[in-house]
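Read in order, the letters of the sequence shown correspond to residues -16 to 396 in the numbering used here.
We treat Cβ as the ideally placed atom computed from N, Cα and C, and that holds for glycine.
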Amino acid sequence: MFKYFTILIVLSTAVLNLNLIASYKYKHTDKQADTCIVNLNLRGNFKRVKEIFQYKIPNNINLLGIGEVTHGGYEPIKFKVELIKYLISCKGFNTLLLEYPDLGVLGRIRGYINSTNIQAQEKKTHSCAVIIRGMSLLPRFYQDILIELIDWIRLYNLHHKTQVGIYGIDFLYKADFYNYFIKNYIVKVDSSIAYKLQSSWAKNKSPDIIKFKYIKAYFTKNENIFHLKNLNISHITLELNNELNRLKYLSLKWQDESLNLKMHPEVNFRDSVLAENIKYLSSGKKAIIWGHNNHIINKIGLTGGYLKTCYKDKYYSIITDYSLFAEVNVGDQKSEDSGKRNYIIKTIQAFKNSTSYKLYSLLGISNCIIFNKYFTNKQIFLNEIDLMGHHYLTQVDDNSFDAMAIFDTISTR
């Protein structure tokens, strides 16, 4: 019996090896539309990357997702930024959707990228660096890359008629939604009610659901006044929906943790809401999604699966992986438990049975861009590293993504 299984393993490896080599030798041609594997060093070679995607991304794509294998590695994030610049300047994309809450920081970023002049005395509070440094949940190098991208978008907007917009698609924020809503909206409609509300809620320690019901009813009753005050009704509606979905998510998560459910309903619920937010914010636009692999891939129950069902061939997905090891910033559980987030550096080896590692071990390809037409079977295995540094092996099929960028190693820079 042992020999039988050994023979099967050897044969399956040999078949994979032949498929890899045959595909690589036959398809590895520069700039060709049918190129499936391109072996190159992604670091610093973004001109070559742009040349490749010039032929691979169809012009009819309205929605393009770029995924990330880690939650704290430099190379995938830098790759995203360079690809986003290319998509905006050469492919006509005009909207960037981040897997990040829109509430708070991103509103300030929108104001910054749309500003034509920032006075010297305002730079201390309105500069891109000051705003991004406020995103304290992100590692420092991540903030640096975002500053580079946002400053680039602002300059682009200054010199182009078509303006690029930035929005957040997530609804799991730590900001106080109710104080935000009062200060940004209700105070402009009726300041006396605004201050009474704050005082009453603080005195009675009102739960969020009570606050939400009041605010929702107040907005519905006074929508015409909100409109007369030139407040963005559609954006306010989106924010109210996000808060309601946040409350639903927390309820589902509480049920999950209380009943120790095998299925995690809050996970699929979150992905469905992310998909709806993407659909709303990208309507009539060409949009790029900045997210993690699990939200980008075409898989039932995940954001990418919802989007593929809706947009079909107009949705294009690019994911990332690594072949050797990833040195990443991961959250420290002790600091998470105390309500703050500190990062520690963790080195994580690629799984030996991941597709990226097999490309390296069988062909010596450690850095490459690979396209889904290359794969001849349904068993594709991806590395996945979550925020806390847990390492997972995820199985997908050849329809789960359009392209994958593989780095040999990932660093914290």
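Beta-carbon gap between residue i and residue j smaller than 8 angstroms
{"i": "Glu131", "j": "Gly274", "result": "no"}
{"i": "Val52", "j": "Tyr299", "result": "no"}
{"i": "Val170", "j": "Ile208", "result": "no"}
{"i": "Lys194", "j": "Tyr161", "result": "yes"}
{"i": "Lys269", "j": "Asn140", "result": "no"}
{"i": "Tyr263", "j": "Leu227", "result": "no"}
{"i": "Phe354", "j": "Ile331", "result": "no"}
{"i": "Ile40", "j": "Lys74", "result": "yes"}
{"i": "Leu46", "j": "Leu70", "result": "no"}
{"i": "Thr286", "j": "Asp254", "result": "yes"}
{"i": "Asn251", "j": "Gly284", "result": "yes"}
{"i": "Leu86", "j": "Tyr38", "result": "no"}
{"i": "Ile67", "j": "Leu80", "result": "no"}
{"i": "Leu180", "j": "Lys199", "result": "no"}
{"i": "Ile216", "j": "Glu206", "result": "yes"}
{"i": "Leu235", "j": "Gly314", "result": "no"}
{"i": "Asn97", "j": "Gln146", "result": "yes"}
{"i": "Asn185", "j": "Ile301", "result": "Residue identity check: residue 185 is Ala in the sequence provided, not Asn. Against a cut-off of 8 angstroms, the Cβ pair of Ile301 and Ala185 comes out as no contact."}
{"i": "Asp296", "j": "Ser349", "result": "no"}
Residue i - containing alpha helix (DSSP H), residue span
{"i": "Leu138", "result": "Arg123 to His142"}
{"i": "Ser189", "result": "It is not in any alpha helix (DSSP H) - Ser189 carries neither H nor E in the DSSP assignment."}
{"i": "Gln378", "result": "Careful: Gln378 lies outside any alpha helix (DSSP H), inside the beta strand (DSSP E) at His374 to Val379."}
{"i": "Gly94", "result": "Val88 to Ile96"}
{"i": "Leu221", "result": "Ile216 to Leu242"}
{"i": "Val250", "result": "Pro248 to Leu264"}
{"i": "Phe209", "result": "Glu206 to Leu211"}
{"i": "Phe164", "result": "Phe160 to Phe164"}
{"i": "Ile114", "result": "Cys111 to Arg116"}
Bridge partner(s) assigned by DSSP for residue i
{"i": "Thr78", "result": "Gly148 and Ala270"}
{"i": "Met387", "result": "Ile302 and Ile353"}
{"i": "Pro41", "result": "BP columns for Pro41 are empty, so no partner."}
{"i": "Asp153", "result": "Pro84"}
{"i": "Thr392", "result": "Phe308"}
{"i": "Val32", "result": "Per DSSP, none; premise fails for Val32."}
{"i": "Ile20", "result": "Ile353"}
Any C-beta of chain C under 8 angstroms from that of residue i
{"i": "Ile331", "result": "Looking at the structure shown, chain C is missing, and only one protein chain is on hand."}
Distance between beta carbons of residue j and residue i, contact taken as under 8 angstroms
{"i": "Ala333", "j": "Asn366", "result": "5 angstroms"}
{"i": "Phe364", "j": "Asn336", "result": "6 angstroms"}
{"i": "Lys61", "j": "Ile128", "result": "6 angstroms"}
{"i": "Thr395", "j": "Tyr57", "result": "6 angstroms"}
{"i": "Leu117", "j": "Val88", "result": "It is worth fixing the name first, because residue 117 is Gly in this sequence and not Leu. Gly117 to Val88, Cβ: 6 angstroms. Contact."}
{"i": "Asp153", "j": "Pro84", "result": "5 angstroms"}
{"i": "Asn281", "j": "Asn382", "result": "6 angstroms"}
Boundaries (first-last residue) of the beta strand (DSSP E) holding residue i
{"i": "Phe364", "result": "Ile363 to Ile368"}
{"i": "Ile49", "result": "Leu46 to Ile49"}
Worksheet item: Which runs of the alpha helix (DSSP H) fall wholly inside the segment 275 to 344 and span at least 4 residues, in chain order?
Response: Counting only runs of 4 or more, we get 276 to 279, 286 to 294 and 316 to 320.
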